[in-house]
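**Q** In the order they appear, the protein sequences are chains S and D. Here this note's numbering is used: the first residue of the first sequence is 103, the next is one more, and so on. Here this note's numbering is used: the first residue of the second sequence is 103, the next is one more, and so on. Structure incoming, see below.
Protein chains: 2
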Amino acid sequence: MQDFVSYNPTKLIFGKNTLEKLGKEALNYGKNALILIGKGSVKKNGVLDTVTKQLTQNNISFEIFEGIKSNPIYEDADSAVTHAKKMKADMVIAVGGGSVLDTAKAVCAGVYSDHSVWEFYTHTKSPVNALPLLTVLTLAATGSEMNYYTVIQNDTTKEKLAFGSPLVAPKVSFLNPEFTYSVDKYYTSCGVVDLISHCLEAYFDTSSSPLSDAIVADIIRLAMDYGKKIIDNPNDYETRANIMWLATTALNGSLSAGKRGGDWGVHQLEHGLSALFDIAHGAGLAIVYPAWLKHYHPQIKDKLKFLAKYVLGDDKADFIEVLEYFYGKIGVPIRLKQANIDENEYENIMSNWQKNKASGYFFKMTTQDYKGILSLMK
Amino acid sequence: MQDFVSYNPTKLIFGKNTLEKLGKEALNYGKNALILIGKGSVKKNGVLDTVTKQLTQNNISFEIFEGIKSNPIYEDADSAVTHAKKMKADMVIAVGGGSVLDTAKAVCAGVYSDHSVWEFYTHTKSPVNALPLLTVLTLAATGSEMNYYTVIQNDTTKEKLAFGSPLVAPKVSFLNPEFTYSVDKYYTSCGVVDLISHCLEAYFDTSSSPLSDAIVADIIRLAMDYGKKIIDNPNDYETRANIMWLATTALNGSLSAGKRGGDWGVHQLEHGLSALFDIAHGAGLAIVYPAWLKHYHPQIKDKLKFLAKYVLGDDKADFIEVLEYFYGKIGVPIRLKQANIDENEYENIMSNWQKNKASGYFFKMTTQDYKGILSLMK
Numbered sequence: 103m104q105d106f107v108s109y110n111p112t113k114l115i116f117g118k119n120t121l122e123k124l125g126k127e128a129l130n131y132g133k134n135a136l137i138l139i140g141k142g143s144v145k146k147n148g149v150l151d152t153v154t155k156q157l158t159q160n161n162i163s164f165e166i167f168e169g170i171k172s173n174p175i176y177e178d179a180d181s182a183v184t185h186a187k188k189m190k191a192d193m194v195i196a197v198g199g200g201s202v203l204d205t206a207k208a209v210c211a212g213v214y215s216d217h218s219v220w221e222f223y224t225h226t227k228s229p230v231n232a233l234p235l236l237t238v239l240t241l242a243a244t245g246s247e248m249n250y251y252t253v254i255q256n257d258t259t260k261e262k263l264a265f266g267s268p269l270v271a272p273k274v275s276f277l278n279p280e281f282t283y284s285v286d287k288y289y290t291s292c293g294v295v296d297l298i299s300h301c302l303e304a305y306f307d308t309s310s311s312p313l314s315d316a317i318v319a320d321i322i323r324l325a326m327d328y329g330k331k332i333i334d335n336p337n338d339y340e341t342r343a344n345i346m347w348l349a350t351t352a353l354n355g356s357l358s359a360g361k362r363g364g365d366w367g368v369h370q371l372e373h374g375l376s377a378l379f380d381i382a383h384g385a386g387l388a389i390v391y392p393a394w395l396k397h398y399h400p401q402i403k404d405k406l407k408f409l410a411k412y413v414l415g416d417d418k419a420d421f422i423e424v425l426e427y428f429y430g431k432i433g434v435p436i437r438l439k440q441a442n443i444d445e446n447e448y449e450n451i452m453s454n455w456q457k458n459k460a461s462g463y464f465f466k467m468t469t470q471d472y473k474g475i476l477s478l479m480k
Numbered sequence: 103m104q105d106f107v108s109y110n111p112t113k114l115i116f117g118k119n120t121l122e123k124l125g126k127e128a129l130n131y132g133k134n135a136l137i138l139i140g141k142g143s144v145k146k147n148g149v150l151d152t153v154t155k156q157l158t159q160n161n162i163s164f165e166i167f168e169g170i171k172s173n174p175i176y177e178d179a180d181s182a183v184t185h186a187k188k189m190k191a192d193m194v195i196a197v198g199g200g201s202v203l204d205t206a207k208a209v210c211a212g213v214y215s216d217h218s219v220w221e222f223y224t225h226t227k228s229p230v231n232a233l234p235l236l237t238v239l240t241l242a243a244t245g246s247e248m249n250y251y252t253v254i255q256n257d258t259t260k261e262k263l264a265f266g267s268p269l270v271a272p273k274v275s276f277l278n279p280e281f282t283y284s285v286d287k288y289y290t291s292c293g294v295v296d297l298i299s300h301c302l303e304a305y306f307d308t309s310s311s312p313l314s315d316a317i318v319a320d321i322i323r324l325a326m327d328y329g330k331k332i333i334d335n336p337n338d339y340e341t342r343a344n345i346m347w348l349a350t351t352a353l354n355g356s357l358s359a360g361k362r363g364g365d366w367g368v369h370q371l372e373h374g375l376s377a378l379f380d381i382a383h384g385a386g387l388a389i390v391y392p393a394w395l396k397h398y399h400p401q402i403k404d405k406l407k408f409l410a411k412y413v414l415g416d417d418k419a420d421f422i423e424v425l426e427y428f429y430g431k432i433g434v435p436i437r438l439k440q441a442n443i444d445e446n447e448y449e450n451i452m453s454n455w456q457k458n459k460a461s462g463y464f465f466k467m468t469t470q471d472y473k474g475i476l477s478l479m480k
């Protein structure tokens, strides 16, 4: 086991009717909130109304910043920072999925800076302080509701970068699985791929931490079970609740105890894809991960055997094959051509990876590796 | 899944040389510390010296309160409260095992009260505030290093009671597995029993939470593996580290997500035993749990099958039998007579349970149940 620090200051309120507590929790952080939302689905399904009613009942004033894209761009965060400064917001409330939450984290830190938030992501500047952040999650996938991290993209340079700081960890996150009923089959499946991928990134940290590895296997096993169930039962509370909690646990630090922090090479490769093609992050991961696993098969045989045993209950099973079969079954692409990305684009993908020096922490990648992995994604 | 709140504000620093960070962390909480220790083992093994050196280097003054018993009594906490008030301590640093940590929690809250800390445990008073608590753990068992709870006893009334409050959660806990090398075989084994029992209490919450149940099985499986290994390798870092982290995870909230909080009936029965006979809490649990499992066997058949499958890898195995065999192997008593408690005492045990209305949250116990369970403990 590696030395580690376990610290997660987020209070996570999970279940039905959790939003009833929002007003009271928000009162701990001030009287003036900037609410961040995406393209308006939270208006249609009534979630935003419930949030604003809670604020009004508790005499908290608010303004709404709308329009965060599903692959969020730093310019929107910068605009929201200007808005937050102007209204003198003393907290940010993010209502949406990972893109809204990640943008909100940038906004919280951006309010205490005089530069573009993009500089946090390029690591040219560090956050010095941040507004308190509350989140209301409407999509199970990101883990952002209970961690320090945020990912955003630059459409000009085609970069998608991350930064992390305890300052931007949400103070309180509200997770009502019912809010995910309206997420369609495709995005639900992308969320399942995302959470499984977070487990795999943690797992392919080559340092040994038996409990973390065991929990990785649990989460993937249950994600496959509930991922199959959800297709025919999109409004089943238990199924939605399990997927939601699995997604949070996959990236709230539970899997990094005793490890060095994970590999994250596949995420870097995928960020190249979704920066270029605006495909869902989960769909990109469903294409890259099987290819990565095949490419590194000789080095990871034993670790795949462990997954076969504890995820599939049969150490003779082929984990990669079963994973691909599962992804096919839940309707996500596992090859570039299934995502309508054709051979003309391969050169673009390669140069994006090269430009961004995409690599894992443990599995360092060279141009040869890029080529090998790309050939398995065709 | 039940609605739940996941919130654990403790920063846990785990690994070798972790104490190097103590001085700096302590500076966040003041300049004057009361250090609480047990009967002096931390003086012999140098841990206390390292702590005090860290404080001195950071210009934090301190006084030491010594002599907390391994089954801690509330009078010692009251004396330490007086001491803390007199020296105007602005933090408490607990250096020891669960008894020292649990006492320290009472002291932290007691400083802001004008009554005996025992009133927190009888729930006649609630804590209104608490001094910040830092802990340096020297025994893997309790979980107290990363949770809100404390248990203490009243030797006059022969009661052993608990209370919980977020106010008394440690701010920072330092866990260096090397500090547990000097714990002898018997107390090491008692710690393993304790952590397994915490998993079982969480598990016999009858509400369904698949991920929590899976992690229960992981922890018990690994505790059995490392519990066997530690006997011949008391100074093996990986083994000590794994047991230490398993013990923390068993009671830091990881197992209560989606549940109602566990049953805790066996703990109530055991508190009766250790209040009467001053046996180690883990030893008491090793006697009570197998008996409880046998007594409730008809109601818990399916849950035992799950443990057989995911702990033992064979759903046809007899979990109770294997558990008893394991406890025998690591040298803890599984019957009262092995702990030198003879039949003359049975009446005492029964009336202690009756007086304290010992019961679980899900498995309510009557006098008939006490009799049944006691007969299986003989």
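Glycine included, every Cβ here is placed at the ideal spot set by N, Cα and C. This one's a predicted model, so the numbers in the text were calculated from it and none came from an experiment.
Using a Cβ cut-off of 7 Å, pull out every chain D residue sitting near Glu340/S, in sequence order please.
**A** Those within 7 Å of Glu340/S in chain D are Met103.
**Q** On the CB-based measure, 16 or more other CB atoms within 10 Å of its CB, does Gln370/S come out buried or exposed?
**A** Buried, by the Cβ-count rule.
**Q** Could you tell me which whole beta strand (DSSP E) segments of length 3 or greater appear in the segment 292 to 337 of chain D?
**A** Within the segment 292 to 337 of chain D, no complete beta strand (DSSP E) run reaches 3 residues.
**Q** With 9 Å as the threshold, decide whether the Cβ of Arg323/S is near any Cβ in chain D.
**A** Closer than 9 Å to some Cβ of chain D, the Cβ of Arg323/S qualifies, so yes.
**Q** Closer than 8 Å by beta-carbon distance: list the chain D residues that pair up with Gly117/S, in chain order.
**A** Chain D residues near Gly117/S: Met103, Gln104, Asp105, Phe106.
**Q** Given His185/D, which residues of its chain have a CB within under 6 Å of its CB, disregarding the five upstream and five downstream residues?
**A** The answer, listed in chain order, is Phe167.
**Q** Roughly how many whole angstroms lie between the Cα atoms of Pro229/D and Ala206/D?
**A** Near 14 Å, if we compare the C-alpha coordinates of Ala206/D and Pro229/D.
**Q** Tell me whether the beta-carbon of Glu247/D lies closer than 9 Å to the beta-carbon of Ser291/D.
**A** No, the Cβ-Cβ distance between Glu247/D and Ser291/D is not below 9 Å.
**Q** Grab me the residues of Phe464/D's own chain with a C-beta within less than 7 Å of its C-beta, minus the 5 sequence neighbours each way, in chain order.
**A** These residues qualify, in order along the chain: Phe306, Asp307, Thr308, Asp365.
**Q** For His373/D, count neighbouring Cβ atoms within 10 angstroms of its own Cβ and tell me buried if that reaches 16, exposed if not.
**A** The residue in question, His373/D, is buried, as its Cβ has 16 or more Cβ neighbours within 10 Å.
**Q** Taking its Cβ as the centre, do 16 or more other Cβ atoms sit within 10 Å of Tyr250/S, making it buried, or is it exposed?
**A** Label assigned to Tyr250/S: buried.
**Q** Could you confirm whether any beta carbon from chain D is found closer than 9 Å to the beta carbon of Thr482/S?
**A** Chain S is shown from 103 up to 480; residue 482/S falls before or after that span and cannot be answered.
**Q** List, in order along the chain, the chain D residues whose C-beta lies closer than 7 Å to that of Thr351/S?
**A** Per Cβ cutoff of 7 Å: Leu313.
**Q** Going along the chain, which residues of its own chain have a beta-carbon closer than 7 Å to the beta-carbon of Tyr391/D, five neighbours each way excluded?
**A** Ser299, Leu302, Val368, listed in sequence order.
**Q** Does the segment 384 to 398 of chain S come within contact of the segment 331 to 341 of chain S, defined as at least 3 CB pairs closer than 8 Å?
**A** Cβ pair count under 8 Å is below three, so no.
**Q** Note down, one range per segment and in chain order, each alpha helix (DSSP H) of at least 4 residues found wholly within the segment 200 to 270 of chain S.
**A** Counting whole runs of 4 or more residues, the segment 200 to 270 of chain S contains the alpha helix (DSSP H) stretches 200 to 212, 220 to 223.
**Q** Quick check: what's the CA-CA separation for Gly142/D versus Val197/D?
**A** Going by the C-alpha atoms only, they are around 10 Å apart.
**Q** Where does Lys361/S land, buried or exposed, given buried means 16+ other C-beta within 10 angstroms?
**A** Result: buried.
**Q** Alpha carbon to alpha carbon, how far is His399/D from Phe116/S? Give it in angstroms, no decimals.
**A** Cα-Cα distance, rounded: 32 Å.
**Q** Thinking just about the alpha-carbon of each residue, which of Gly199/D, Met193/D, Val424/D, Lys133/D is nearest to the one in Ala382/D?
**A** That would be Gly199/D, whose Cα lies nearest to the Cα of Ala382/D.
**Q** Counting only beta-carbon separations shorter than 9 Å, does Trp347/D have a partner in chain S?
**A** So, interface residue.
**Q** For a cutoff of 9 Å on Cβ pairs, would you count Thr120/D as touching chain S?
**A** Yes, contact with chain S.
**Q** Please name the residue or residues paired with Glu165/S in a DSSP beta bridge.
**A** The partner list for Glu165/S (beta bridge, DSSP) reads Leu136/S.
**Q** Mind checking if Met248/D is an interface residue toward chain S, Cβ cutoff 9 Å exclusive?
**A** Chain S, which has a Cβ nearer than 9 Å to the Cβ of Met248/D, makes this yes.
**Q** I need the straight-line Cα distance from Phe106/D to Gln456/S, nearest angstrom please.
**A** So the two alpha carbons sit approximately 45 Å from each other.
**Q** At a CB-CB cut-off below 8 Å, which residues of chain S make contact with Ser356/D?
**A** Within chain S, the residues near Ser356/D are Ser356.
**Q** How many Å lie between Leu406/D and Ala359/S at the Cα?
**A** Looking at the two C-alpha atoms, the distance is approximately 28 Å.
**Q** Of all the options Leu124/D, Leu324/D, Leu353/D, which has the alpha carbon lying nearest to the alpha carbon of Thr341/D?
**A** Per the Cα distances, Leu324/D.
**Q** Using the Cα positions of Ala319/S and Ala191/S, report the straight-line distance between them to the nearest angstrom.
**A** Whole-angstrom Cα-Cα distance: 42 Å.
**Q** Counting only Cβ pairs nearer than 8 Å, list the residues of chain D close to Ala113/S.
**A** Sequence check: residue 113/S is Lys here, not Ala. Val107, Ser108, Tyr109, listed in chain order.
**Q** By DSSP, does Gly198/D sit in helix, in strand, or in coil?
**A** Three-state result, Gly198/D: strand.
**Q** Count the CB pairs spanning the segment 350 to 357 of chain D and the segment 464 to 473 of chain S that are closer than 8 Å, and state whether there are at least three.
**A** No, the segment 350 to 357 of chain D does not touch the segment 464 to 473 of chain S.
**Q** Nearest to Leu174/S by alpha carbon, out of Val219/S, Lys145/S, Asn160/S, Val238/S?
**A** Reading off the sequence, residue 174/S comes out as Pro, not Leu. Ranking Val219/S, Lys145/S, Asn160/S, Val238/S by Cα distance to Pro174/S puts Val219/S first.
**Q** Which residue's Cα is closest to the Cα of Lys113/D: Leu235/D, Thr154/D, Leu357/D, Glu445/D?
**A** The candidate whose alpha carbon is nearest that of Lys113/D is Leu235/D.
**Q** Quick check on the burial criterion: 16 or more other C-beta atoms within 10 angstroms. Buried or exposed for Tyr223/S?
**A** Buried: at least 16 other Cβ atoms inside 10 Å.
**Q** Quick one: what's got a C-beta closer than 6 Å to Ala343/S's C-beta in the same chain, skipping five residues either side?
**A** Only Pro279 meet the Cβ criterion.
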